[in-house]
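This report refers to the structure that appears directly beneath it.
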Amino acid sequence: MRRSTLRSVAAIGIGIALAACGSDESNGPGGITGPTGQNPQPDPNAPATQTPEEEIRKILDARKVDYGEALRTASLKLVGELPTLTEIQSIANAASDNDKKVAYEGHIDRMLGDPRFTERMIAYWKDTFRMGQVGQVQQNQPNKDFAPNFAAMNVVQDGDYRQLFTATTGTCPTYDAQTNTFTPGNCAGTQPTAGIITDPGLMAHYFANMAFRRVRFVQETFACSKFPAEYSDTPQPMGAGTYTGKFAFESIVGKKNTPNAKIDFHDTQAVICANCHANLNHVAPLFIFFRENGTYDTNPANVDVRVPIQGTPRATPADYLPAGEALAWRFGKGITDLPSLGQALATDPEVARCAVNRVWNYAMSRGDIVADQSPVPNAVTDPFMADFNANYKLKEVFRKVFKAEDFVKF
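Structure (structure tokens):
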């Protein structure tokens with residue numbers, strides 16, 4: 396608990412402290428009133444108080460390096476077991492602080508090559524993707540272990556992280572725990588292959604109306620944020636609120652440009668639907684051809700993705716975008732098909748940052764960035780971004796985070 400608490404302070408404590416200072420329990424200017432409702436005058440003899448930033452810095456500066464404690468935490472994270480007595484003593488009996496550091500970092504390097512690290516990475520990606528095969532694969536159903544296996548294989552084998560979105564072969568590997576080996580395999584079916592974003596198991600797992608759940612998975616898992624995905628510099632007051640999207644309001648289907656639209660994404664009576672759907676609708680048409688069991692079929696008569704209105708008609712690309720409007724990952728980042736979506740993800744700085752931030756939260760025992768609302772300020776992970784952007788080796792991010800000063804201090 397101490398580890399999680401201190402790391403939360405390190406990552407977001409300043410924001411929390413500032414929010415607390417903005418309490419509206421009092422009603423005077425600046426939020427502070429005296430007993431009669433008048434603003435109190437400062438006492439010139441009162442001791443100076445620290446700012447929230449200074450208080451948090453004082454807490455962080457009071458931490459001490461403890462390689463023994465760090466080893467226990469790292470061992471549970473990286474190999475799923477406590478360190479052995481010999482490993483503990485190698486640090487406890489080290490002659491100097493530098494010798495303790497050398498011993499500790501040697502253990503981190505060794506654990507990253509341990510067969511148990513492979514199993515931890517499979518579990519890590521199953522948790523991240525919120526999916527995994529339960530029991531035997533049922534007839535006509537895909538294996539839901541393939542996507543986590545592929546991501547874990549990428550880390551363990553020190554691969555290029557961008558392959559999660561761009562690999563064209565071997566994206567449905569099996570794993571043999573007895574021999575600690577992955578066997579690459581191609582996914583069944585004739586779908587285009589773009590890393591895991593075309594994985595049949597993943598597509599089946601996130602099947603839902605309009606394929607929006609599939610797009611949300613990509614956004615929240617790999618960009619680490621909910622929709623709306625991006626915001627205009629010039630928001631427009633509209634209906635019951637404000638349109639904040641970067642795309643033109645009428646770039647998506649609605650009553651303003653398609654009188655017979657099945658869903659009016661231009662509706663502004665209660666909420667501004669287009670704030671989220673400006674981005675959602677520019678991606679979702681790519682995913683409607685994955686059937687409920689994850690197979691890929693472009694025959695309109697076989698589309699399983701439905702529109703949630705009376706009669707539940709099959710979804711078509713025309714339900715999302717008006718004629719002539721192109722697909723796009725982000726405003727100004729056009730795409731044409733699933734492989735080009737994969738390329739867009741591979742070159743998006745937000746996606747790279749998200750991967751690093753997820754490793755940080757895992758190491759520091761913090762919750763999921765999106766589901767648990769545990770974001771990481773950029774300043775916290777900036778020290779790891781330059782190297783990651785140079786080689787896209789996520790295994791090296793694990794190595795650097797578990798050796799980082801913030802990890803070994805308590």
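Residue numbers (my numbering): 396 to 805.
Here a beta-carbon is modelled for each residue, glycine too, at the ideal position from N, C-alpha and C.
- If you draw a straight line from the Cα of A696 to the Cα of G706, it comes to about 15 Å.
- Here P510 is exposed. Its C-beta has fewer than 16 other C-beta atoms within 10 Å.
- DSSP places Y499 outside any beta strand (DSSP E); the residue lies instead in the alpha helix (DSSP H), whose first and last residues are 492-506.
- In its chain, beyond the 5 residues on either side, no residue has a beta carbon closer than 7 Å to the beta carbon of N655.
- The DSSP assignment places complete alpha helix (DSSP H) segments of no fewer than 4 residues inside the segment 650-682 at 669-675, in order along the chain.
- For A572, the three-state secondary structure derived from DSSP is coil.
- Here the C-alpha atom of P595 lies approximately 20 Å from the C-alpha atom of A741.
- For N535 and A781, the gap between their C-alpha atoms comes out near 44 Å.
- For P632, no alpha helix (DSSP H) run applies; the uninterrupted beta strand (DSSP E) run containing it begins and ends at 631-633, by DSSP.
- Within the same chain, G584, T585, Q586, F684, F685 come within 7 Å of Y691 by CB-CB distance, once the 5 residues on both sides are set aside.
- The DSSP assignment places complete alpha helix (DSSP H) segments of no fewer than 4 residues inside the segment 727-802 at 733-741, 744-758, 773-786, 789-798, in order along the chain.
- R467 is the residue among A723, F602, F560, R467 whose C-alpha sits nearest the C-alpha of T479.
- By the Cβ-count criterion, V666 is exposed, with fewer than 16 other Cβ atoms from all chains shown falling within 10 Å of its own Cβ.
- Residue environment: N538 is assigned as buried (16 or more neighbouring CB atoms within 10 Å of its CB, all protein chains considered).
- The beta carbon of K790 sits closer than 6 Å to those of V550, D553, all from its chain and outside the five residues before and after it, given in chain order.
- A Cβ-Cβ distance of about 6 Å is found for the pair V792 and F783, placing them in contact under the 8 Å criterion.
- T468 is bridged by DSSP to nothing; it lacks a bridge partner.
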